[in-house]
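Engineer: First, the structure itself, so that you have it in front of you.
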Amino acid sequence: MPDIEKGIQETEPDCRTGSESNFILRRPTRQDLEALVVMASDPHMVANLCTNWLPSTMRAADLWLDALLQESNPDAFPFVISDMKGRAMGAACIVLLETPGNAEISVLVEHKHWSQGIATRSMQALADFAFSNPTKTHSKLDSMTARCRVSCGRSRRIVEKSGFQFCGSGMAHSHFQRGMIPIDRYRLDRSTWHALRHWAGVSLLEATANKNKEDPSDLDVKGAA
């Protein structure tokens, strides 16, 4: 059984009352690479990841971004979570799975920005984005999945508050742990996502394409949860 790191079983909610942090989900740039490499090496951030898709060296980061920019038919859509001044606070990724109409979502936030609701609102915004934006070669998604380490209650609360429902347990390889770890699987179906949006009368949160940005896929995420 893997060791349970300090802080993993904290009971503090991931979103403090009254948090008004605004941030942007945007595509990675060359200027973000150093920050992404630091995140990939931070135990607080990667200890609970089922898949660490971030580059861990500057050389790997350069190659990763080059491949991302040249890819005409990507199956992975990484985002940088940045404050309104452009400083990276975390990262997220949507990965299309081999099964048509399905994708997996992964979100991580710098330790110093925990308990501000950033991870929850990022996941909700990315779910809105993924379900609403089919690619040229992939039709609209039928469902999204997320995986959480069993010992990480914080992660489970985030995905549950984003509408994901428990669908089973299993094992996954952890690069950080250098072995297999027990995980819980969660699933968000299109029908559930659609019902949640219309039950609230609006999108799960205020997350819209920012037309003033160079990349129209950038998402502004407002403070109100």
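One point on numbering: in this note's numbering, the residue at position 65 of the sequence shown is 65, and numbering is uninterrupted.
Virtual Cβ for every residue (Gly too), placed ideally from N, Cα, C.
Only a predicted model underlies this, so the values are computations on that prediction, with no experimental measurement involved.
(1) Under 8 angstroms, with one C-beta from each stretch per pair, do the segment 156-176 and the segment 41-50 reach the 3-pair mark?
(2) CB-CB under 7 angstroms to residue 313, same chain, minus the five flanking residues each way: which ones, in chain order?
(3) How far does the alpha helix (DSSP H) with residue 90 in it extend, from its first residue to its last?
(4) What are the boundary residues of the beta strand (DSSP E) that includes residue 107?
(5) Between which residues of its own chain and residue 183 is the CB-CB distance below 8 angstroms, once the five residues before and five after are set aside?
(6) Report the three-state DSSP secondary structure of residue 4 (helix, strand or coil).
(7) Check whether the Cβ atoms of residue 236 and residue 124 sit closer than 9 angstroms, and answer yes or no.
(8) Rounded to whole angstroms, what's the CA-CA distance from residue 55 to residue 111? Just pull it up for me.
(9) Can you find the residues in the same chain that come closer than 7 angstroms, C-beta to C-beta, to residue 158, ignoring five residues on each side of it along the sequence?
(10) Note the first and the last residue of the continuous alpha helix (DSSP H) segment covering residue 150.
(11) Skipping 5 residues on each side, what residues in its chain have a beta carbon closer than 8 angstroms to that of residue 75?
(12) How far does the beta strand (DSSP E) with residue 165 in it extend, from its first residue to its last?
Structural biologist: The answer reads as follows:
(1) yes
(2) Nothing about residue 313 can be reported from this structure: the residues present for the chain run from 1 to 225 only.
(3) No alpha helix (DSSP H) contains residue 90, which is instead part of the beta strand (DSSP E) from 88-96.
(4) 102-109
(5) 50, 147, 148, 149, 150, 169, 170, 171 and 172
(6) Any reading at residue 4 must be qualified, since the residue scores a pLDDT of 30, below 50, and its modelled position is unreliable; no value is offered.
(7) Residue coverage of the chain in this structure runs from 1 to 225, which leaves residue 236 outside it and unanswerable.
(8) Their backbone Cα atoms lie some 18 angstroms apart in a straight line.
(9) These residues qualify, in order along the chain: 14, 119, 120 and 123.
(10) Per DSSP, residue 150 lies in no alpha helix (DSSP H) segment and is marked neither H nor E.
(11) 95 and 96
(12) From DSSP, the beta strand (DSSP E) with residue 165 extends over 165-174.
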